[in-house]
Each structure stands twice: as C-alpha cells, then as structure tokens.
Amino acid sequence: MIHKANIRPAWVVLVLLLLFTLAFTLVKTSDSSTPKTVQPEQEKPTIIDLSKFKNAAENESCLKCHGQSKYTYENPESKKTVTKRMYTELVLDRNVFYVSNHREFKCTDCHSEDYSTFPHAGNLRMEAKANCIDCHGGDEKYAKFKFEQIESEFQASVHSEKHSQDFTCWMCHNAHTYKINARTNENLKETITYDNLICLNCHGDVKNYQLLTNKTKPNILQKHEWLPNQASHFTNVRCIECHAKNEDTLVVAHHVVSKSQAVRKCESCHSKNSILYASLYKYKVSEKIQKEGIILGLLTGDATSIGPDKSNTLNIISLVIFGFTLLVIIIHAVFRIKKLN
Amino acid sequence: MNHHTEPLYLYPIWIRIWHMTNALLCLVLIITGLSIQFSNPETVVKFNAAVSAHNVAGIILTISYAVFFIGNLFTPNGASYVIPVKGFLIRLKKQFIYYTVGIFQRQDPPFPVTEESKFNPLQQVTYVVLMYGFVPFVILSGWGLLYPEITLNSFIGFSGLDLTDLLHITAGFVISIIMCVHVYFCTIGKKPLSNFKSMINGYHESH
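Sequences listed follow chains A and B, in order.
Heads up, the first sequence is in the numbering used here, so the first residue is 1 and it goes up one at a time.
Heads up, the second sequence is in the numbering used here, so the first residue is 1 and it goes up one at a time.
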C-alpha cells in the first residue's frame, strides 16, 4: 500500500538541488584557487639582498647604468652632467636577474672585459651573443636537461629553418632573466601559462612578430575558432603540445612545426595514447607519483584531458563488475529456463 | 492470451513516451560515452562525433528528466516512488528471496503488480536511487563537463574537473549496469516479452 502521507522523493531532491545550487554558488564565488596569472616582469623596488651574491658588487659597476632606465655621466668637454635614457632592451632588472638561473655570474663572464671602459668602444656592439649550447653543450652536469637534443630539435624547427640566423635561443629565452620552470614549478597551470607566454611574446604581439617577418600576424583566437572550449584549451594545454613534435625525453619540445603539421584531431590528445602523456604531463605525473604514491598521485594529477581513461585499475574493476553482473544474469536466466520448462 | 485477469492500464502515454525517449537516450549516451572513454584513432564512433552526440543526447536527457521530475511531483505516478519506511527491509528481503529461490519453484510473486503499487520493493529502492540519485547526478556533472568554467577549480585538493570527470563516468557506469539488470528483469513477466509490450501499449499483463 502507498502511504499517501509520505513525501515524494522528487520534493526531497528538489530541496537538495536548491541547497546544492546555493552551496555551490557560495563556494564558487569564494573559490580562491583560480589559477594565478604569471606576473609580467615589471620594475619593482629592489628587495634583493645583493650581499648574498658573490659577483653582485662587481656587477654593480654595470648595473649602476644598466640596472635602470636612465644613466648619467659627466661630459669631459662641457664638464656638464648628462642624463640619458637607457634603451629598454639594455636595461636589466636586478630583481629579475638575481632570481634567474644565471644569477651567480659576473657580467664579464659572458660579455667582453672591454665594457669596463665608458663610453663603450663601438665595435663591442658586434659582440656575438652566446647561445645555450655554447656553454651547456657537452657538460655532464647539465646532461639531464638534454641541451644537445634541444639544439638539434630547434635546428629542425620552423623557427630556425625559416628565420635562419635571426632566430636564436634569445628570441624566447633571455639568458639574463631565464628561470627554470617546467621542471620545478609545482603548479602545472602556471607552467602552461609561462610556456604559452613565451609563444605569445611574438605570436600575440605584432611589434615582436614583425621583427622577424613582414607577414601580417594571424589572429590566434580566430585561427583557433574550430577548437571547442577554446578558453579551457588555452589555459590547460601548451601551444607546443600541438605545434611541436613532442618527444618523451624532453619536458619542453623545441621542434616547432609548420601550421600544416599541427595537431588537429581531437583523439590525438583525447585518447589512451594521448600525446599529452609525453613530455610535461608525463614528467609531472611521474614526479607526483614519486612524491605522493601511486594512488594519490594518479588521482590528484591535474593533467586533465577529459575522456580518455587514465586509470587502468578502474577499468579492470569496472570490467569485473560488469562481467559479474552478466554472469549472474546468465545463470539466473539458465535456471529459469530449465526450471520453467 | 490469458483472459482470466484483466490487463491493467498502468502506464499513461506521457510515461511511455518519456520511458522510450529515456531508453534511447541512455543507449546513445552509453555508446558515445564508451567511445569517448576508450577513445583512440580507430574507435567506431570518432571522438568529435561521439562528443557532439553525447552532448546533444545529454541536453535532451536533461529536458526529458525535467518532464519526469515535474510529472512525478504533480501526477499520481510520483506516488510509486514513495517508499513506506515501516517494514521495508522485510518486504525487500521477501522480494529478494523470491528472485533467488521462489521464482525457480514457480511461486507467485510476493508483491503482484496492482494499480496502487506498480513497483515491487526491490524496484522501488532501485528506481528511487537511480532516478533521484544517479541520474540527476550524472546530468549535473555532465553540465559541469560541458561548461568546464562553471566547475570548481579544485575541491579538497583534487582538480575539480578531474573529479567531476571521474564521478561522471562512475555514475554513468552504475547507470549502465542497472540498465542491463533492468532489461533482464523485464523478461520476468507473464511471458518473456509481456513487459516490453506493456511499455508500448500501456497495459500490464498479470501473472
């Protein structure tokens, strides 16, 4: 018998739904874990304790001019003090340099000793800039970063092929400010944003883009209009994931390919053999597993690509449950047919 | 046809249309869901086609669920989903024993279908858990995946999107299992196909 006095479950669910919506809205509006955007480098008051760096005092003789946007000198002929603007690209922010990977270097480790005289000799501006491989090549200490592979990938990339000598490591990595990121940053989203900003520095800024080409800069948003959930893809996937040949051995792929070779098929990422599980994501997941153990590492891994099964264990469990259900049904059916006939 | 028991008109037209829509949508959602879950370049249904079909079917399912939900708030059909608490476990056990033992001894079902109670205790508890638990959950989490920006970025240390994904596929899996059992149990009627006919013509044939 139906007890008319009882409450229909639909009403209960309706109330629960309303409560859920309320709670969700409250949590969502106070959600503090929104990924932080990487702050653009900007001038900040010096907070770096220069006494901590062994070459800082010596470097100050350069940075007293190159550490700021203007420099002052005494004109020996007019005896007047002259203040001039420093070219933006010649300014080095101490706050950025002294947290960068090359912070322990002396300016003259890489630049000519002749810079110690002012005004600098004109021919010094012909000085060649060292590329990564010039110092890091063939060094055991840096073997794990695979600079040789990076160099050969870069040489094969469209960046190197199309722009020849003009395109050097410096286009994306300024040795004064470069700071290791993909391997050390625990926040995957920050790494993604960091890596993508490197691309956007030229591909999102016509001034830099046209330094290397006379072509009109394509509109990135329009070119990627076909991509579903564009915003989500842009914040969760690195440009190089689709625009470079990813090898398992490199965390950051450098073999950037032409747009005709870029990945366009959904299942290239959204599949069991996702290309995302090469490079960064593979590295992050294995790091996480080392730190947190297999179960927690896999469950909390935030390398998200919706769809493809990530957990083999869950697949096996579901297959066993499904098989067991089918088995019970078959046994039940067989007995029914047997007994009833 | 056995004429000594009058067929009961149990399933009004809106229920039958809803049930048929629901069944078709579930099939589409299971097939496309599996294609997405086990996506690889060789799957029968291509990933983007599967995603589009899954999204469309999910949206229609939301509408169809709303019809069911509102219908059960205001029509007599909703009364079938009310579980009388008193003595429920005993009745559940009775039904369970019937399915595991009694049915093979040609016993009569302990809770025959009547106009007042069209579900036996086991059906009642399954349908309530399914229709008021898993189905609304799978719909909500599905919308969360359709619009990832509304999903929480993180939840107790988990990535919100990953967790939603995991719970969505788990709920989908449970629903699929229940659906398999449901289809099998439907063969336990007057004749193996009687209950399927009932859901087409609306009349229930008693044992």
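Just so you know, even glycine gets a beta-carbon here, dropped at the ideal spot from N, CA and C.
Contact list for residue i against chain B, beta-carbon separation under 7 Å
{"i": "asparagine 229/A", "result": "Pro148"}
{"i": "phenylalanine 407/A", "result": "In the structure displayed, chain A extends from 1 to 341; residue 407/A sits before or after that span and is not available."}
{"i": "isoleucine 192/A", "result": "Per Cβ cutoff of 7 Å: no residues; isoleucine 192/A is ~13 Å from chain B at best."}
{"i": "glutamate 58/A", "result": "Neighbours of glutamate 58/A on chain B: none; closest Cβ ~46 Å, over 7 Å."}
Backbone CA spacing between residue i and residue j [nearest angstrom]
{"i": "glutamine 210/A", "j": "threonine 216/A", "result": "8 Å"}
{"i": "glutamate 161/A", "j": "lysine 207/A", "result": "21 Å"}
{"i": "alanine 128/A", "j": "methionine 86/A", "result": "21 Å"}
{"i": "cysteine 172/A", "j": "glutamine 165/A", "result": "14 Å"}
{"i": "methionine 199/B", "j": "glutamine 230/A", "result": "43 Å"}
{"i": "alanine 53/B", "j": "leucine 17/A", "result": "27 Å"}
{"i": "cysteine 65/A", "j": "valine 257/A", "result": "40 Å"}
{"i": "isoleucine 337/A", "j": "tyrosine 98/B", "result": "16 Å"}
{"i": "leucine 276/A", "j": "alanine 50/B", "result": "20 Å"}
{"i": "cysteine 107/A", "j": "cysteine 62/A", "result": "8 Å"}
{"i": "isoleucine 15/B", "j": "alanine 333/A", "result": "28 Å"}
{"i": "lysine 245/A", "j": "threonine 184/A", "result": "22 Å"}
{"i": "phenylalanine 137/B", "j": "tryptophan 11/A", "result": "16 Å"}
{"i": "valine 13/A", "j": "valine 135/B", "result": "11 Å"}
{"i": "valine 328/A", "j": "histidine 168/B", "result": "26 Å"}
{"i": "glycine 204/A", "j": "alanine 66/B", "result": "45 Å"}
{"i": "arginine 103/A", "j": "phenylalanine 154/A", "result": "25 Å"}
{"i": "leucine 8/B", "j": "isoleucine 70/B", "result": "24 Å"}
{"i": "serine 260/A", "j": "glutamine 37/B", "result": "28 Å"}
{"i": "valine 113/B", "j": "phenylalanine 68/B", "result": "21 Å"}
{"i": "threonine 325/A", "j": "proline 76/B", "result": "33 Å"}
{"i": "lysine 52/A", "j": "aspartate 195/A", "result": "29 Å"}
{"i": "leucine 24/B", "j": "valine 15/A", "result": "29 Å"}
{"i": "leucine 298/A", "j": "leucine 314/A", "result": "Only weak support is given to the placement of leucine 298/A: the predicted model assigns it a pLDDT of 48, under 50, and the value that follows is read from those uncertain coordinates. Distance between the alpha carbons of leucine 298/A and leucine 314/A is about 12 Å."}
{"i": "cysteine 186/B", "j": "cysteine 180/B", "result": "10 Å"}
Within chain A, the residues that residue i reaches when beta carbons sit closer than 9 Å
{"i": "leucine 73/B", "result": "Arg8, Ala10, Trp11, Leu14"}
{"i": "cysteine 180/B", "result": "Phe322, Thr325, Leu326, Ile329"}
{"i": "phenylalanine 69/B", "result": "Ala10, Val13, Leu14"}
Partner residues on chain B for residue i, Cβ-Cβ distance less than 9 Å
{"i": "threonine 216/A", "result": "By Cβ distance, chain B contributes nothing, its closest Cβ being about 30 Å from threonine 216/A, past 9 Å."}
Residue closest to residue i, alpha-carbon to alpha-carbon, out of the options
{"i": "proline 12/B", "options": "Lys118/B, Leu29/B, Ile178/B, Leu152/B", "result": "Lys118/B"}
{"i": "glutamine 107/B", "options": "Glu116/B, Glu115/B, Leu73/B, Lys94/B", "result": "Lys94/B"}
{"i": "isoleucine 331/A", "options": "Gly87/B, Thr114/B, Tyr184/B", "result": "Tyr184/B"}
{"i": "serine 116/A", "options": "Lys339/A, Ser157/A, Glu58/A", "result": "Glu58/A"}
{"i": "asparagine 131/A", "options": "Ala143/A, Pro119/A, Glu148/A", "result": "Glu148/A"}
{"i": "lysine 265/A", "options": "Ala57/B, Thr62/B, Ser39/B, Ala171/B", "result": "Ser39/B"}
{"i": "aspartate 109/A", "options": "Asn219/A, Phe20/A, Ala175/A", "result": "Ala175/A"}
{"i": "leucine 212/B", "options": "Ala56/A, Ile7/A, Asn187/A, Phe24/A", "result": "It is not possible to answer for residue 212/B, since the shown part of chain B is limited to 1 through 207."}
{"i": "isoleucine 90/B", "options": "Ala79/B, Pro110/B, Gln105/B", "result": "Pro110/B"}
{"i": "lysine 84/A", "options": "Leu90/A, Ser78/A, Ser69/A, Asp93/A", "result": "Ser69/A"}
{"i": "histidine 255/A", "options": "Val158/A, Asn101/A, Val99/A", "result": "Val158/A"}
{"i": "phenylalanine 47/B", "options": "Ser271/A, Leu90/A, Lys54/A", "result": "Ser271/A"}
{"i": "isoleucine 17/B", "options": "Ser35/B, Val56/B, Asn55/B, Ile63/B", "result": "Ile63/B"}
Where residue i meets chain A, residues with beta-carbon distance less than 8 Å
{"i": "proline 136/B", "result": "Val13, Leu17"}
{"i": "tyrosine 9/B", "result": "Within chain A, no residue comes near tyrosine 9/B; the closest Cβ sits about 18 Å away, beyond 8 Å."}
{"i": "valine 128/B", "result": "Pro9"}
{"i": "phenylalanine 96/B", "result": "Chain A residues near phenylalanine 96/B: none, gap ~13 Å exceeds 8 Å."}
Burial state of residue i (16 or more Cβ within 10 Å)
{"i": "glutamate 60/A", "result": "exposed"}
{"i": "methionine 131/B", "result": "buried"}
{"i": "aspartate 248/A", "result": "exposed"}
{"i": "glycine 144/B", "result": "buried"}
{"i": "asparagine 236/A", "result": "buried"}
{"i": "glycine 142/B", "result": "buried"}
{"i": "arginine 125/A", "result": "exposed"}
{"i": "isoleucine 150/A", "result": "buried"}
{"i": "asparagine 22/B", "result": "buried"}
{"i": "aspartate 162/B", "result": "buried"}
{"i": "histidine 120/A", "result": "exposed"}
{"i": "serine 30/A", "result": "exposed"}
{"i": "glutamate 241/A", "result": "buried"}
{"i": "lysine 223/A", "result": "exposed"}
{"i": "alanine 143/A", "result": "exposed"}
{"i": "phenylalanine 118/A", "result": "exposed"}
Residue i CB to nearest heavy atom of the ligand MG below 6 Å
{"i": "asparagine 208/A", "result": "This structure lacks the ligand MG, and indeed carries no ligand of any kind."}
Chain-ordered chain B contacts of residue i [CB-CB under 8 Å]
{"i": "histidine 224/A", "result": "Going along chain B, no residue has its Cβ under 8 Å from histidine 224/A, so there is no contact; the nearest lies around 15 Å."}
{"i": "arginine 336/A", "result": "Ile103, Phe104, Ile188"}
{"i": "lysine 144/A", "result": "Going along chain B, no residue has its Cβ under 8 Å from lysine 144/A, so there is no contact; the nearest lies around 28 Å."}
{"i": "serine 116/A", "result": "Within 8 Å Cβ-Cβ: nothing; serine 116/A doesn't reach chain B, min ~51 Å."}
{"i": "serine 318/A", "result": "Phe173"}
Jot down the residue ranges of each uninterrupted alpha helix (DSSP H) in the region 18–100 of chain B, minimum 4 residues, whole runs only, in chain order. For the region 18–100 of chain B, whole alpha helix (DSSP H) runs of length 4 or above, ordered along the chain, are 47–74, 88–100.
May I have a chain-ordered list of the alpha helix (DSSP H) segments no shorter than 4 residues that lie completely inside the region 134–216 of chain A? Listed in chain order, they are 147–156, 158–163, 188–203, 206–209.
Can you give, in chain order, each stretch of the alpha helix (DSSP H) that sits fully within the region 63–113 of chain A and has at least 4 residues? Within the region 63–113 of chain A, the runs of alpha helix (DSSP H) at least 4 residues long that lie entirely inside it are, in chain order, 94–97, 107–110.
At what residue ranges does the region 230–276 of chain A contain a whole run of the alpha helix (DSSP H), taking only runs of 4 or more? Within the region 230–276 of chain A, the complete alpha helix (DSSP H) segments of 4 residues or longer fall at 230–236, 239–243, 266–269, listed in chain order.
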